[in-house]
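Once you know that position 175 of the sequence shown is 273 in the working numbering, the rest is easy, because the numbers rise by one and skip nothing.
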Amino acid sequence: MGEGQCADVWKASDTNFKMRPCNGAEVDKNHQAFYFDTWPPPARLRTDLLPGYCLDYHTNNGNLYWSTCHDGANQKWFFRDGAVGEVAYVPADARRFGSAYDEKCMDIDSNGDNLYMHDCHDGTNQQFWFDVPSPTPPPSFPPTPPAPPSTPPPLGYGPTSAMLLKSPVTSKCGDFHTGNNDLYMSNCHTGNNQQFYFETWPPPSRIKTLQDSNKCLDYHTGNGNLYFGGCHDGNNQKFFFHDGDSATIATASVGACQCIPCGDTVAGFTSGICGAETVTCSATSGKNAGCYGDTGGCDCATSTIIPSGRRMGSLHDNKCVDINMNSMSVVMHDCHDGNNQKFYLEY
Numbered sequence: 099m100g101e102g103q104c105a106d107v108w109k110a111s112d113t114n115f116k117m118r119p120c121n122g123a124e125v126d127k128n129h130q131a132f133y134f135d136t137w138p139p140p141a142r143l144r145t146d147l148l149p150g151y152c153l154d155y156h157t158n159n160g161n162l163y164w165s166t167c168h169d170g171a172n173q174k175w176f177f178r179d180g181a182v183g184e185v186a187y188v189p190a191d192a193r194r195f196g197s198a199y200d201e202k203c204m205d206i207d208s209n210g211d212n213l214y215m216h217d218c219h220d221g222t223n224q225q226f227w228f229d230v231p232s233p234t235p236p237p238s239f240p241p242t243p244p245a246p247p248s249t250p251p252p253l254g255y256g257p258t259s260a261m262l263l264k265s266p267v268t269s270k271c272g273d274f275h276t277g278n279n280d281l282y283m284s285n286c287h288t289g290n291n292q293q294f295y296f297e298t299w300p301p302p303s304r305i306k307t308l309q310d311s312n313k314c315l316d317y318h319t320g321n322g323n324l325y326f327g328g329c330h331d332g333n334n335q336k337f338f339f340h341d342g343d344s345a346t347i348a349t350a351s352v353g354a355c356q357c358i359p360c361g362d363t364v365a366g367f368t369s370g371i372c373g374a375e376t377v378t379c380s381a382t383s384g385k386n387a388g389c390y391g392d393t394g395g396c397d398c399a400t401s402t403i404i405p406s407g408r409r410m411g412s413l414h415d416n417k418c419v420d421i422n423m424n425s426m427s428v429v430m431h432d433c434h435d436g437n438n439q440k441f442y443l444e445y
């Protein structure tokens, strides 16, 4: 990464990320050879010099260092100033380098050696690229990015494939409130303000509805609210599905056999699954009152498949989209495994 100076892990006992003279010699190449561990980015950045370690952003002091790999947003890296997933390979294509944790950029300090995170600017000390060392690339160097797919994007990408946004925790659908612009869960219908789609493929990408193509789903980083505002390129408008390949979306065709007692579902459900039967809920059953019908275990051969959904997040931080089960408002919240953070798209 760099011309004349390269990003370097000086030694295994000094895990700070620094700039040092480039050296492609066989004995030193692992000090300056880095790769993304999944494709496409954002992804963790690794080096063969430190197995099990990934580049980590210390969110308190901004320092960059090598630490045990984890799934936090402060270890998810990508090149800014281009399509998500693109990698800069030549000096003429140098770009700013950032993490999914916040909107800061990797920066070389005034001493010209230490790498840390700083507010983004247009200076050359925030311009980086991957450079293949001579004479040959190290074995772990990432491959040339794959060519764009020749097949059309899957459902949920683009206005012609707009779909309902649903959750296994409620029978309601995501709704763009045209009065206050908020995203909330409401009774499902076929109106344009419930037709959602990712603007570009693959995610992370902005999310729009057929209601107004000039407005995008926006994460208010002050109060966590999700609403539709003017589209921009900030990370708080770049959304994706967690818990799998970020370039894929969750749809109703992916689910699991789930026994859902009627009394455990939210208000609005008219039926549930008890054992192998789809049954009608009692209007007065109340929470944990159970269902009429078979109360045995699930039989996946005959039970209705309930879409399992996946958590959704943004590139701004590591929080997840969350349904407030009292108000049906939709906000960003610390991630957990509850079904009110599981979503999928469905026609």
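Glycine included, C-beta positions come from ideal geometry on N, C-alpha and C.
Burial state of residue i (16 or more Cβ within 10 Å)
| i | result |
| --- | --- |
| T363 | Note that T363 scores 37 on pLDDT, short of 50, meaning its location in the model is unreliable; the coordinates nonetheless yield the value given after this. Under this definition T363 is a buried residue. |
| T145 | buried |
| N386 | Because N386 carries a pLDDT of 30, less than 50, the predicted location of this residue cannot be relied on, and no value is offered for it. |
| Y325 | buried |
| N438 | buried |
| T288 | exposed |
| D316 | buried |
| G328 | exposed |
| Y445 | exposed |
| T268 | buried |
| P139 | buried |
| Q130 | buried |
| N422 | exposed |
Beta-carbon proximity check, residue i vs residue j, cutoff 8 Å
| i | j | result |
| --- | --- | --- |
| T276 | F294 | no |
| V429 | N323 | yes |
| L213 | A141 | no |
| P302 | F338 | yes |
| N333 | S412 | yes |
| L153 | F115 | yes |
| V107 | L143 | no |
| Y151 | W164 | yes |
| M410 | H318 | no |
| P300 | G183 | yes |
| Q309 | N321 | no |
| Q292 | L262 | yes |
| M215 | L162 | yes |
| F296 | G254 | yes |
Nearest candidate by alpha-carbon position, reference residue i, set the options
| i | options | result |
| --- | --- | --- |
| C203 | N114, M410 and K174 | K174 |
| Q103 | F226, L153 and L147 | F226 |
| I206 | H219, D200 and Y199 | H219 |
| G157 | D217, S303 and Y199 | Reading off the sequence, residue 157 comes out as Thr, not Gly. Comparing Cα positions, the closest option is Y199. |
| C286 | P300, K264, P139 and F296 | K264 |
| C271 | M261, S259, M117 and S284 | S284 |
| F132 | D191, D169, T268 and D229 | D229 |
| R193 | K417, R408 and G221 | G221 |
| C433 | A171, V185, P189 and D331 | A171 |
| G436 | S425, G407, G160 and M426 | G407 |
Nearest-angstrom Cβ-Cβ length linking residue i and residue j, presumed shorter than 8 Å
| i | j | result |
| --- | --- | --- |
| H431 | D420 | 4 Å |
| Y155 | S197 | 5 Å |
Q. Which full runs of the beta strand (DSSP E) of 3+ residues lie inside the region 252 to 325, going along the chain?
A. Counting only runs of 3 or more, we get 262 to 265, 268 to 274, 281 to 284, 294 to 296, 305 to 307 and 313 to 317.
Q: Enumerate, from N- to C-terminal direction, the unbroken alpha helix (DSSP H) stretches of 4 or more residues contained entirely within the region 116 to 197.
A: Segments of the alpha helix (DSSP H) lying fully in the region 116 to 197: there are none.
Q: List in chain order: all unbroken beta strand (DSSP E) runs of 3+ residues lying wholly within the region 407 to 444.
A: Those beta strand (DSSP E) runs which fall completely within the region 407 to 444 and span 3+ residues are 410 to 412, 418 to 421, 428 to 431 and 442 to 444.
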